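Under the numbering used here, think of the first position of the sequence shown as 5, with each following residue one higher.
Glycine is no exception: its CB is placed at the ideal position from the N, C-alpha and C atoms.
Please read these numbers as outputs of a predicted model, since none were measured by experiment.
Written below as structure tokens is the structure these notes are about.
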Amino acid sequence: MTTSEAVAVLPEELDRWLESQPWFRARGPVTCERATVLHHGDPALVHLVLACKGRRYQLLVGVRDALPERLEHARIGAAGERVAYEAVYDPELTAVLLGHFEDLAEVAGLRFRGAVPPRYAAAPVGRPFPGPQRNCSIVYGQRHVLKFFRELTPGDNPELVLHDALHSVGDPHIAAPQGSLESELDGVRTTFAVLHEFVPLGALGWPMATASVRDFLANPSDDPQSAGGDFAAEAHRLGRAVAKVHADLRETLGEQVAGPGDEVEFVAALHTRLDAALDEVPSLAEFEAGIRARFDAVLATGEPIRLQRVHGDLHLGQVLRSPHTWVLVDFEGEPHGTAAERSRPRPAEHDVATALRSLHYAAAQLLVGADDVAMRPKAARWLEHNRDAFRAGYADVSPDRTLGGALLTAVELDRAVLEVRHEHRFRPEWMVIPLSAIAETVTGAPAWPV
């Protein structure tokens, strides 16, 4: 297959297919900046870099003479007299990708770097992780996870930078890095994909926490510890894991104290995000004065704001419980942040606040739209019990880091304001969850849920 054959997908068919993909956020004519053939024959594998409205995306395309029925769902369109489809669904082609990492190949500027363990058997089958994803993760048996970043941004991705830093000091709370795919973009070395160790028997934190809530709500006792699915011990261990990751990031990538100008800028950014939310969500207005007062309290305390690299998006869907410990995954930072924002040092309170907000969602999600108001106090007790456990675990590892005070309150409120704006746009019935947290913080009176 030649490069010209590789880009022969009919433009209108490619455009139509891209517009149907939830990860494709650009709108307009798409141009192919680069096409690299990674495997010749039938099937062939082609790596594309696409540009649209100032955004860049990468796409793995398979090309066959005839498309088998098992791959029909991945069809993109015609490519000359052949058929183009999304290659991540084809185990024959995902095996080619793994082979390039094992061979440390370089193909037309695409560099496969890695330290992939020797195979103990034939190549494990690579299949995309099920469910909607902002990026594409291909899971190879019980051995590897290959994450392709759908949208490309020039520079090293935080996922690569932070994993490498944590791996260098043997942090036990990450999936060990095994490789990366990189190339040049605008003359800058850029991360296209990362290869990680698979976490065997890993269970996501979110279903574990929500199962615990269901168990407690169904239990006649009012003591969360009496329920068979008490999550507090795991919340405590998770707090310890987060504190350990933060400490190791300080050791490897450093820490700085924000200057007076940086602190003013930090608080101003909180107010700016609140301004944007108030423009969209009128129900926030009654809490505006109280929110702003708690933002301004960060400067009034005179306590320094310490900045470091953090996870950036640490909710319960980003943590896995292995048989040995908690493992943090997806270190890319906030999904819709710019590259500069995702790489910027932040207070450690950012991750802590995000985790605490996620515990609130776990406690409240069963009550959205429910008429049984008797469950609300029990859910609130579950939340308090597990928040305390998380904070205690964090303090066990980092006793010099006080998880409280004006800074944590302000960051938690900021997270809740962003949640209100998101829910207002996409799930209005869920606005009750972040609004209840804001109301309780501002008024000091139990208001959960509103």
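Identify, in the order they occur along the chain, each residue of the same chain with its Cβ nearer than 8 Å to the Cβ of R298, setting aside the five sequence neighbours on each side.
For R298, where only same-chain residues beyond five positions count, the Cβ hits under 8 Å are A410, T413, A414, L417, T445, V446.
Does DSSP put T447 in a helix, in a strand, or in coil?
Helix, per DSSP.
Sort R431, A207, D234 by Cα distance to D219 and report the nearest one.
Of the listed residues, the one whose Cα sits closest to D219 is D234.
Smallest Cα separation from W210: which of A237, V323, Q229, A272?
Nearest C-alpha to W210: V323.
Enumerate, from N- to C-terminal direction, the unbroken alpha helix (DSSP H) stretches of 4 or more residues contained entirely within the region 229-272.
If we require 4 residues or more, the alpha helix (DSSP H) runs fully inside the region 229-272 come out as 236-257.
Could you check the C-alpha separation between L274 and L75 for me, to the nearest Å?
The straight-line gap from Cα to Cα measures roughly 47 Å.
Leaving out the 5 sequence neighbours to the left and right, which residues in its chain are closer than 8 Å to P339 when beta-carbon positions are compared?
Closer than 8 Å at Cβ, skipping near neighbours: R138, D317.
Between the beta-carbon of L166 and the beta-carbon of S184, is there less than 7 Å?
Contact: no.
Measure from the alpha carbon of A374 to the alpha carbon of each residue in Q260, L278, V436, then state which is nearest.
When only C-alpha atoms are compared, the closest one is V436.
Please report the distance separating the alpha-carbon of A169 from that of R117.
Going from the Cα of A169 to the Cα of R117 covers about 17 Å.
Secondary structure at F394, three-state DSSP: helix, strand or coil?
If DSSP states are grouped into helix, strand and coil, F394 belongs with the helices.
Which of the three DSSP states is assigned to L318 in this structure?
Of the three classes helix, strand and coil, the one that applies to L318 here is coil, per DSSP.
Thinking C-alpha only, which one of L189, T276, A99 is nearest R60?
Nearest option by C-alpha distance: L189.
So, with DSSP's three-state summary, where would you put H328?
Of the three classes helix, strand and coil, the one that applies to H328 here is coil, per DSSP.
Is E338 helix, strand or coil by DSSP?
Residue state, collapsed to three classes: coil.
Which class does L101 belong to by DSSP, given the choice of helix, strand or coil?
Looking at L101 - three-state DSSP - the assignment turns out to be helix.
According to DSSP, simplified to helix, strand and coil, what is A91?
Here A91 sits in helix by DSSP.
Report the option in T35, R193, V268 whose CA atom is closest to the CA atom of P158.
The option with the nearest alpha carbon to P158 is R193.
What did DSSP end up calling A48 once you bin it into helix, strand or coil?
Strand.
Is S440 buried or exposed, if buried means 16 or more other CB atoms sit within 10 Å of its CB?
Buried is the call here.
The beta strand (DSSP E) with G294 in it runs from where to where?
First-last for G294: 292-304, but that is the alpha helix (DSSP H), not the beta strand (DSSP E).
For E284, which residues in the same chain have their Cβ closer than 8 Å to its Cβ, ignoring the five residues on either side in sequence?
Once the five neighbours on either side are set aside, the close Cβ partners of E284 are R425, H428, R429.
Please classify G397: is it buried, with 16 or more other beta-carbons within 10 angstroms of its beta-carbon, or exposed?
The residue is buried, with at least 16 neighbouring Cβ atoms inside 10 Å.
According to the neighbour-count rule (16 or more other Cβ atoms, all chains shown, within 10 Å of its Cβ), is T98 buried or exposed?
It counts as buried.
If you run the structure through DSSP and keep just helix, strand and coil, what is P309?
Reading off the sequence, residue 309 comes out as Ile, not Pro. Coil at I309, not helix or strand.
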